[in-house]
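Visitor: Could you have a look at this structure, given as structure tokens, before my questions?
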Amino acid sequence: MKLVVAIIKPFKLDEVRQALTAIGVHGMTVTEVKGYGRQKGHTEIYRGAEYVVNFLPKLRIEIAVASDVAEKAVEVITANARTGQIGDGKIFVTPIDHALRIRTGETDSDAL
């Protein structure tokens, strides 16, 4: 089992969700986050005053998938989250040692 964590631009969420559903990924956790990488924020003007936005709004998507589905999930997220501009985000894949569905007690792959 793998945990795929993707940091994407907020307006790409619907495309990514639909594409993941199409390959059989049925559950995900989405969190609104702020951060920066090479993009390093930007300057905005509000009511005539200029200010620097250091942390940019992003979405963190977490999906737990079977190991054989992880690579396809990464490909789907990459294809649907890409704009070609700086700040498209990152994807991290880590192993899951154990999973448990609280309601039924199912474990590991059955719990996904």
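If you want this note's numbering, it's the 1-based position in the sequence shown plus 10. Heads up, the beta-carbon is just placed ideally off N, CA and C, and yes, glycines get one too. Quick caveat: nothing in here was measured; it's all calculated off a predicted structure.
Can you check whether the CB of K44 is closer than 9 Å to the CB of F21?
Guide: Not a contact, by the Cβ cut-off of 9 Å.
Visitor: Under three-state DSSP, which class holds A16?
Guide: Strand, per DSSP.
Visitor: Report, in whole angstroms, the separation of the C-beta atoms of L13 and I101, which I expect to be a contact under 8 Å.
Guide: Not a contact, Cβ separation roughly 11 Å.
Visitor: Could you give the residue range of the alpha helix (DSSP H) that holds A80?
Guide: 77 to 91 is the extent of the alpha helix (DSSP H) around A80.
Visitor: Is it buried or exposed for I73, if we count other Cβ within 10 angstroms and need 16 for buried?
Guide: When all chains shown are included, I73 counts as buried.
Visitor: Closest by CA to T39, which one among R57, H108, L23?
Guide: Among R57, H108, L23, the Cα nearest to that of T39 is on L23.
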